[in-house]
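Structure first, commentary second.
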Amino acid sequence: MTAPRATLVPVIRLDHGCDLPLPSYATPGAAGLDLLAAVGRETPLTLAPGARALVPTGLALALPAGLEGQVRPRSGLALRHGVTILNAPGTIDSDYRGEVSVILINLSDQPFVIERGHRIAQLVVAPIASISWSETGQLPDSVRGAGGFGSTGGYSQDSH
3 MTAPRATLVP VIRLDHGCDL PLPSYATPGA AGLDLLAAVG RETPLTLAPG ARALVPTGLA
63 LALPAGLEGQ VRPRSGLALR HGVTILNAPG TIDSDYRGEV SVILINLSDQ PFVIERGHRI
123 AQLVVAPIAS ISWSETGQLP DSVRGAGGFG STGGYSQDSH
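Going by the numbering used here, the sequence shown opens with residue 3, and the numbers climb by one from there.
In structure tokens:
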């Protein structure tokens, strides 16, 4: 079985990211491309415990219509350092042309230093569906119905 043909995505390396490699997949089966921090070489960014920061990647891109970019946390950063993405997943719309940046937050009790080229997030590109609303007086039945949080057998306060 051959791999599907990759979609070409126009990308610009901005001045402050021109020497960094383009995002790439770490392994052939990886779903996400690693995004790198485009902070100054001489000015790393230190995230204090509980602090958040908008970290630049030095990239602008043009996703084709029908696709979105999902900026997701890196599991290793979350596990080892307590650093994650505040608005995970962040969304890059197909009509956005500005710099891709990542809102990182340090949930640990130790400062975390972000250096130039540090892998800070992953970008997953996925198809999206557009919808139109069909206002109605009644929704069709489903097995779940109107059951909300915890209604499918998940966490329940009564289970303690």
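Where a beta carbon is used, it is the ideal one built from N, C-alpha and C, also for glycine.
Enumerate in chain order the residues of its own chain whose CB-to-CB distance from L109 is below 6 Å, with the five nearest sequence positions on each side excluded.
Here residue 109 refers to the residue found at position 107 of the sequence shown. G84, listed in sequence order.
When DSSP builds the beta bridges, which residues end up paired with E101?
As a position in the sequence shown, residue 101 is number 99, starting the count at 1. Partner(s): A62.
If the criterion is Cβ atoms closer than 7 Å, does the pair Q124 and R76 meet it?
Working through the sequence shown from its first residue, we reach residue 124 at position 122. Working through the sequence shown from its first residue, we reach residue 76 at position 74. Their beta carbons are under 7 Å apart, which means Q124 touches R76 by this criterion.
Between which two residues does the beta strand (DSSP E) containing G78 stretch?
One-based indexing of the sequence shown puts residue 78 at position 76. No beta strand (DSSP E) holds G78; the alpha helix (DSSP H) holding it covers 77-83.
Does DSSP put G147 in a helix, a strand or coil?
For the purposes of this step, residue 147 is taken as the residue at position 145 of the sequence shown. Three-state result, G147: coil.
Determine the extent of the beta strand (DSSP E) in which L38 is found, giving its start and end residues.
Within the sequence shown, numbered from 1, the residue matching residue 38 stands at position 36. 35-38 is the extent of the beta strand (DSSP E) around L38.
Excluding sequence positions up to five away, which residues of its chain have a Cβ less than 7 Å from the Cβ of T154?
Translated into the one-based positions of the sequence shown, residue 154 becomes position 152. Excluding sequence neighbours, T154 sits near R146.
Buried or exposed for S158, please, with buried defined as at least 16 other CB atoms from any protein chain shown within 10 angstroms of its CB.
Position 156 of the sequence shown, counted from the first residue, corresponds to residue 158. Its pLDDT being 49, under 50, S158 is placed unreliably in this model, and the coordinates cannot settle the point.
Rounded to whole angstroms, what's the CA-CA distance from L24 to S103? Just pull it up for me.
Working through the sequence shown from its first residue, we reach residue 24 at position 22. Working through the sequence shown from its first residue, we reach residue 103 at position 101. The straight-line gap from Cα to Cα measures roughly 14 Å.
Is the distance from the Cβ of A28 to the Cβ of T59 below 7 Å?
By one-based count along the sequence shown, residue 28 stands at place 26. By one-based count along the sequence shown, residue 59 stands at place 57. Not a contact, by the Cβ cut-off of 7 Å.
DSSP state of G71, grouped into three classes?
Translated into positions along the sequence shown, residue 71 becomes position 69. In the structure shown, G71 sits in a strand (DSSP, three-state: E or B).
Using the C-alpha atoms, what's the distance from A90 back to S161?
Here residue 161 refers to the residue found at position 159 when the sequence shown is read from its first residue. Here residue 90 refers to the residue found at position 88 when the sequence shown is read from its first residue. For S161, the predicted structure reports a pLDDT of 46, less than 50, and the residue's modelled location is therefore unreliable. The matter cannot be settled from this model.
Let's see if you can read the secondary structure: which residues bound the beta strand (DSSP E) around I116?
Locating residue 116 in the sequence shown gives position 114, where the first residue counts as 1. Taken as a continuous stretch (DSSP letters only), the beta strand (DSSP E) holding I116 covers 114-116.
Using DSSP bridges, identify the partner residues of P129.
Residue 129 sits at position 127 when you count from the first residue of the sequence shown. In the DSSP output, where bridge partners are listed per residue, P129 has L69.
By how many angstroms is the C-alpha of A64 removed from the C-alpha of L99?
The count along the sequence shown starts at 1 and reaches residue 99 at position 97. The count along the sequence shown starts at 1 and reaches residue 64 at position 62. The displayed chain sequence assigns Arg, not Leu, to residue 99. Cα to Cα, R99 sits roughly 6 Å from A64.
Could you pull the DSSP bridge partners for A28 from this structure?
Along the sequence shown, one-based indexing puts residue 28 at 26. Paired residues: none, contrary to the question.
Report the residue from T93, G139, I107, G152 whose alpha carbon sits nearest the alpha carbon of V127.
Position 125 of the sequence shown, counted from the first residue, corresponds to residue 127. Closest option to V127, Cα to Cα, is T93.
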